[in-house]
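Colleague: Have a look at this one before I ask anything.
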Amino acid sequence: MSSDPIIFVISEDSAEHGHFPVDALRRRYQDGFRIETATAEHTLAKVLGLYREQREDIAVFVVVQGNSGGAGTALLDECVMVYPEARGLILADSADHGGADSRRSPSIQVL
Numbered sequence: 026m027s028s029d030p031i032i033f034v035i036s037e038d039s040a041e042h043g044h045f046p047v048d049a050l051r052r053r054y055q056d057g058f059r060i061e062t063a064t065a066e067h068t069l070a071k072v073l074g075l076y077r078e079q080r081e082d083i084a085v086f087v088v089v090q091g092n093s094g095g096a097g098t099a100l101l102d103e104c105v106m107v108y109p110e111a112r113g114l115i116l117a118d119s120a121d122h123g124g125a126d127s128r129r130s131p132s133i134q135v136l
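Per this note's numbering, the sequence shown runs over residues 26 to 136.
Given below as structure tokens:
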């Protein structure tokens, strides 16, 4: 077990995974946290079970939800079943439906 707790970033799919600024997160929290990443395409329960067996401390789950309306809440629920003491954060990127000038606006949900 390492002494630093983990911020675990989970993307719904590989395409969304590349859009999240993991390097910036690592730079910002390099003192005090380790940053781990996965996509929902992985078997999360199995991966998280290995972390639990190694007695790793996951402090925060960050679920990056695409604009597909995805299953961010379901992913977070799956994580919290293994690590009930961890905090959860869903980052969603949704489109405004304002006609031709539709823009993407980020949304953050802390659970």
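Positions of the beta carbon are idealized from the N, C-alpha and C atoms, including for glycine.
Nearest by alpha-carbon distance to Arg112: which of Thr98, Ile83, Ser36, Gln90 is it?
Modeller: It is Ile83.
Colleague: Grab the span of the alpha helix (DSSP H) containing Ala70 for me, first residue to last.
Modeller: 69 to 78
Colleague: Excluding the five sequence neighbours on either side, which residues of its own chain have a C-beta within less than 8 Å of the C-beta of Arg77, listed in chain order?
Modeller: Excluding sequence neighbours, Arg77 sits near Val107, Tyr108.
Colleague: Where does Leu101 land, buried or exposed, given buried means 16+ other C-beta within 10 angstroms?
Modeller: buried
Colleague: Counting C-beta neighbours from all protein chains within 10 Å, is the total for Ala65 16 or more, i.e. buried, or is it exposed?
Modeller: Within 10 angstroms of the beta-carbon of Ala65 lie 16 or more other beta-carbons, which makes it buried.
Colleague: Do Ile31 and Val88 have their CB atoms nearer than 7 Å?
Modeller: no
Colleague: Rounded to the nearest angstrom, what separates Ala117 and Ser28 at their Cα positions?
Modeller: 30 Å
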